[in-house]
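Count along the sequence shown from 1, add 107, and you get the number used in this note's numbering. Yeah, the Cβ is synthetic: ideal placement off N, Cα and C, and Gly gets one too.
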Amino acid sequence: MGNTNSRAKITAQDRAILDLKNQRDKLRQYQKRISVLTTRESEIAKACLARGDRDKALLALRRKKYQESLISKTDAQLEQLEKLTSSVEFALVQKDVYFGLQRGTEVLREINREMGGLQAVQLLPDVPKTDVVAAVETEEDREKRRKARARERRAAAMEMAAA
108 MGNTNSRAKI TAQDRAILDL KNQRDKLRQY QKRISVLTTR ESEIAKACLA RGDRDKALLA
168 LRRKKYQESL ISKTDAQLEQ LEKLTSSVEF ALVQKDVYFG LQRGTEVLRE INREMGGLQA
228 VQLLPDVPKT DVVAAVETEE DREKRRKARA RERRAAAMEM AAA
């Protein structure tokens, strides 16, 4: 009751992927039609040779060769479409990973802000000041390590998505 707003929104990226996949399906159907024509031309050539009509047989074989060249061109187009589709889908996955990493970074920064009082540790009387200062992690050091970990996670995510 009243769940009309829960419908998923169709984005431009979704529409582009759908269009690419529809084009791929149309190319496959076209390829099947050409394949049927190629076998038909072969049968016509055989029938013409059996009747002794060499000229019509040669014409049928030329048409068959033309149809086969169309099939090879269609194969190249299909391969290109597959690559394009997979690269678009991969880019969308990368975008999602990037936004997830961004959100994680924001959460970590918020946690660091909440725990910011940890740097102002009171020095113990019997411990030299330099040892305590060295033990306390500075904000810069934490930020550098966090960025390095984020880079490693992004690289690992890209490797996983590529595999």
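Exercise. Should GLN174 be labelled buried (16 or more other beta-carbon atoms within 10 Å of its own) or exposed?
Worked result: As a working mapping, residue 174 is identified with position 67 in the sequence shown. Answer is buried; the Cβ neighbour count reaches 16.
Exercise. Should the region 165-179 be called in touch with the region 205-218, which here means at least 3 C-beta pairs below 8 Å?
Worked result: Touching, no, given that fewer than three Cβ pairs across the two stretches are closer than 8 Å.
For this session: Between the Cα of ALA257 and those of ARG220, ASN219, VAL204, spot the shortest distance and give me the residue it belongs to.
Result: On the sequence shown, residue 257 is found 150 positions in, with the first residue counted as 1. Cα-wise, what sits closest to ALA257 is VAL204.
Exercise. Cα-Cα, which of ARG253, ARG135, VAL195 is closest to ALA119?
Worked result: Looking up residue 119 in the sequence shown gives position 12. Nearest option by C-alpha distance: VAL195.
Exercise. Closest by CA to LYS153, which one among VAL143, LEU168, LYS139?
Worked result: Sequence index remark: in the sequence shown, residue 153 carries index 46 (1-based). The candidate whose alpha carbon is nearest that of LYS153 is LEU168.
For this session: Would you mind working out which of ARG216, MET222, LYS128 sits nearest ARG253, comparing C-alpha positions?
Result: On the sequence shown, residue 253 is found 146 positions in, with the first residue counted as 1. Residue ARG216 is the option with its Cα nearest to ARG253.
Exercise. Under 8 Å, do LEU185 and ARG135 count as touching if we go by C-beta distance?
Worked result: The residue you call residue 185 lines up with position 78 of the sequence shown. The residue you call residue 135 lines up with position 28 of the sequence shown. Taking 8 Å as the Cβ cut-off, LEU185 and ARG135 qualify as a contacting pair.
Exercise. Which residues bound the alpha helix (DSSP H) around ALA119?
Worked result: Residue mapping note: residue 119 aligns to position 12 of the sequence shown, counting from 1. For ALA119, the uninterrupted alpha helix (DSSP H) run begins and ends at 119-158, by DSSP.
For this session: Identify whether VAL228 lies in helix, strand or coil by the three-state DSSP scheme.
Result: For the purposes of this step, residue 228 is taken as residue 121 along the sequence shown, with counting starting at 1. Confidence is the limiting factor: at VAL228 the pLDDT is only 48, short of 50, which leaves the residue's position unreliable, though a coordinate-based value still follows. If DSSP states are grouped into helix, strand and coil, VAL228 belongs with coil.
Exercise. For the candidate residues ASP162, SER193, LYS163, whose alpha-carbon lies nearest to that of ILE124?
Worked result: As a working note, residue 124 is residue 17 in the sequence shown. Comparing Cα positions, the closest option is SER193.
For this session: Run the CB neighbour count on LYS251, radius 10 Å, all protein chains shown included, and call it buried at 16 or more, exposed below.
Result: Sequence index remark: in the sequence shown, residue 251 carries index 144 (1-based). Burial call: exposed.
Exercise. Helix, strand or coil: how does DSSP classify LYS251 here?
Worked result: Within the sequence shown, the letter at position 144 stands for residue 251. When DSSP states are grouped into helix, strand and coil, LYS251 belongs to the helix group.
Problem set entry | 8 Å Cβ cutoff met for GLU150 and ARG170 | Indexing the sequence shown from 1 puts residue 150 at position 43. Indexing the sequence shown from 1 puts residue 170 at position 63. Cβ distance not < 8 Å, so GLU150 and ARG170 don't count as in contact.
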